[in-house]
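Working notes, beginning with the structure itself.
Chains as they are written, first to last, in the UniProt record's numbering: chain A, 1 to 102; chain B, 1 to 386.
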């Protein structure tokens with residue numbers, strides 16, 4: 001009963017959608033609608049409440065958008081339906097660890 | 001709508017509480033100050049580790065914070081309590097607070113013959129001050145006299161979808177009623193600065209937004225650390241937030257949609273009405289303290305993971321972003337915005353509900369944090385002590 005799951009995608013240009021109901025098991029087919037766009041996604045991972053999944057394939061190094069804004073970059077290729085979180089998304093700001101000291 | 005019952009102070013400002021504050025200017029006086037609050041009903045105080053061996057910007061910031069807390073209109077009168085030898089002299093701080101016209105007294109442990117004599121002296125003054133305070137009547141005041149602080153802590157993925165946008169609606173309503181709403185948490189504006197700068201009233205304020213946020217980001221870069229080791233926190237990450245930018249975009253929703261009038265320093269009182277931003281860290285208690293020192297009489301605090309936080313001086317209205325946490329932490333949370341996630345209520349209707357609650361709380365209704373005596377204090381420090 002996929003209709004019992006609540007999913008929100010903020011802007012049509014976003015690469016991710018957020019699960020707002022109890023976790024959705026891997027293998028579930030979800031139709032995500034944002035304004036006039038609908039994305040048909042097969043979940044590759046179980047997605048917990050409050051967590052995100054990719055609605056489209058994302059390439060390594062590509063910016064990931066939510067709220068229509070950049071929330072970080074993909075550290076590897078991400079398939080549609082994959083869980084998007086700290087394991088495959090890295091913030092780009094406040095990254096003193098990436099500054100090479102001369 | 002738009003009116004509340006408050007206490008008019010000699011400087012014209014309006015309080016929503018009528019506390020007598022025992023203000024320890026130095027760590028060494030905090031225990032004695034706390035003991036006075038146990039003896040005398042109607043007094044409040046807080047524990048901290050500051051007031052000595054601070055220099056430069058830290059000296060100024062600590063001084064400004066102490067003065068601001070004493071001057072906050074929710075405080076009827078103040079007993080400034082020092083040890084005697086500390087950097088932040090009780091008498092200098094009392095002198096600044098006295099400019100508001102409210103009753104201010106000084107007690108000092110080294111001058112009064114030790115802890116017990118100081119507690120006796122302080123309690124005696126406090127008892128009289130509380131009785132004088134209790135004779136004050138509330139009068140009908142306008143929302144234009146309110147400074148409302150906004151804060152989010154223990155954020156989850158719902159924060160940016162429910163409670164924060166609802167607080168954004170409230171922020172707009174406060175501004176439209178002629179009052180002041182404070183946005184803070186500079187750390188949690190990293191990645192959303194362009195959205196805020198675009199709303200600045202002029203180029204000067206816009207430039208300051210970028211400067212302040214760049215300075216905060218540079219602290220992480222100078223330390224050679226990944227800011228994510230501290231923010232988003234483990235709880236934020238568990239709640240679904242993946243990066244600081246993602247958290248920031250949700251946090252900035254608290255600022256509503258009105259123009260940004262100014263960007264003020266930590267603990268500084270706003271010089272303009274409308275939406276203002278204060279340079280504070282994301283640390284909940286430190287930013288709460290900064291906003292209350294800046295004169296906020298009421299604070300709105302949204303949380304996804306839940307929080308017990310409160311202030312000794314200002315009521316903190318805590319708003320849950322999701323119904324699950326609201327049910328689990330009813331002891332701590334005042335309102336639930338999780339109804340937005342469930343599609344039961346709109347962002348706008350929850351905003352109106354929060355606005356009405358501000359009126360009730362400002363008129364005397366106690367918040368959960370007040371009932372539980374959650375008297376937190378945290379000071380933002382920039383450098384080391386010497």
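Cβ coordinates follow ideal geometry from the N, Cα and C atoms, glycine included. Fair warning: this is a prediction, and the values are worked out from it, not measured in the lab.
Residue i, DSSP secondary structure in three states
i: residue 60/B; result: helix
i: residue 2/A; result: With a pLDDT of 44 at residue 2/A, under the threshold of 50, the predicted position of this residue should be treated as unreliable, though the coordinate-derived value follows. Helix at residue 2/A.
i: residue 24/B; result: strand
i: residue 373/B; result: coil
i: residue 36/A; result: coil
i: residue 89/B; result: coil
i: residue 260/B; result: strand
i: residue 67/B; result: helix
i: residue 139/B; result: strand
Within 9 angstroms, strictly: CB atoms of residue i and residue j
i: residue 233/B; j: residue 154/B; result: yes
i: residue 332/B; j: residue 302/B; result: no
i: residue 96/B; j: residue 57/B; result: no
i: residue 20/B; j: residue 77/B; result: yes
i: residue 81/B; j: residue 24/B; result: yes
i: residue 279/B; j: residue 175/B; result: no
i: residue 91/A; j: residue 304/B; result: no
i: residue 323/B; j: residue 341/B; result: yes
i: residue 192/B; j: residue 277/B; result: no
i: residue 254/B; j: residue 150/B; result: yes
i: residue 16/B; j: residue 298/B; result: yes
Cβ neighbours of residue i in the same chain (closer than 8 angstroms, five flanking residues each side left out)
i: residue 55/A; result: 9, 14, 15, 16, 17, 32, 39, 41 and 80
i: residue 309/B; result: 153, 284, 285, 288, 301, 316, 318, 369, 374 and 376
i: residue 88/A; result: 74, 75, 76, 78 and 82
i: residue 145/B; result: 6, 13, 14 and 179
i: residue 103/A; result: Nothing about residue 103/A can be reported from this structure: the residues present for chain A run from 1 to 102 only.
i: residue 447/B; result: Nothing about residue 447/B can be reported from this structure: the residues present for chain B run from 1 to 386 only.
i: residue 1/A; result: With a pLDDT of 44 at residue 1/A, under the threshold of 50, the predicted position of this residue should be treated as unreliable, and no value is reported.
Neighbourhood of residue i by C-beta distance below 7 angstroms, restricted to the same chain and skipping five residues each side
i: residue 140/B; result: 3 and 5
i: residue 26/A; result: 43, 44, 45 and 46
i: residue 112/B; result: 118 and 121
i: residue 327/B; result: none
Beta-carbon neighbours of residue i, restricted to chain B and to distances below 8 angstroms
i: residue 69/A; result: 191, 192, 195, 245 and 249
i: residue 51/A; result: 157 and 240
Where residue i meets chain B, residues with beta-carbon distance less than 9 angstroms
i: residue 44/A; result: The premise fails here: residue 44/A is roughly 17 angstroms from chain B at the closest Cβ pair, so nothing lies under 9 angstroms.
Where residue i meets chain A, residues with beta-carbon distance less than 7 angstroms
i: residue 228/B; result: 91
i: residue 211/B; result: Residues of chain A passing the Cβ test: none, with the nearest at roughly 16 angstroms.
i: residue 387/B; result: Residue 387/B lies beyond the stretch modelled for chain B, which goes from 1 to 386, so this question has no answer here.
i: residue 225/B; result: 96 and 97
Alpha helix (DSSP H) segment containing residue i, residue limits
i: residue 164/B; result: 163 to 176
i: residue 35/B; result: 30 to 39
i: residue 339/B; result: 338 to 341
i: residue 210/B; result: 203 to 222
i: residue 244/B; result: 244 to 251
Beta strand (DSSP E) segment containing residue i, residue limits
i: residue 81/B; result: 75 to 82
i: residue 366/B; result: Unbroken run through residue 366/B: none, as it is neither H nor E.
i: residue 320/B; result: 316 to 320
Chain B residues whose Cβ lies nearer than 7 angstroms to that of residue i
i: residue 81/A; result: In chain order: nothing, as chain B lies at least about 17 angstroms away.
i: residue 76/A; result: The premise fails here: residue 76/A is roughly 14 angstroms from chain B at the closest Cβ pair, so nothing lies under 7 angstroms.
Proximal residues of chain A, C-beta to C-beta of residue i below 8 angstroms
i: residue 222/B; result: 96
i: residue 217/B; result: 93 and 94
i: residue 160/B; result: 67
Cβ neighbours of residue i in the same chain (closer than 6 angstroms, five flanking residues each side left out)
i: residue 102/A; result: The predicted position of residue 102/A is uncertain, since its pLDDT is 39 and thus under 50; a value taken from the coordinates is nonetheless stated next. There are no such residues.
Partner residues on chain A for residue i, Cβ-Cβ distance less than 9 angstroms
i: residue 237/B; result: 85 and 86
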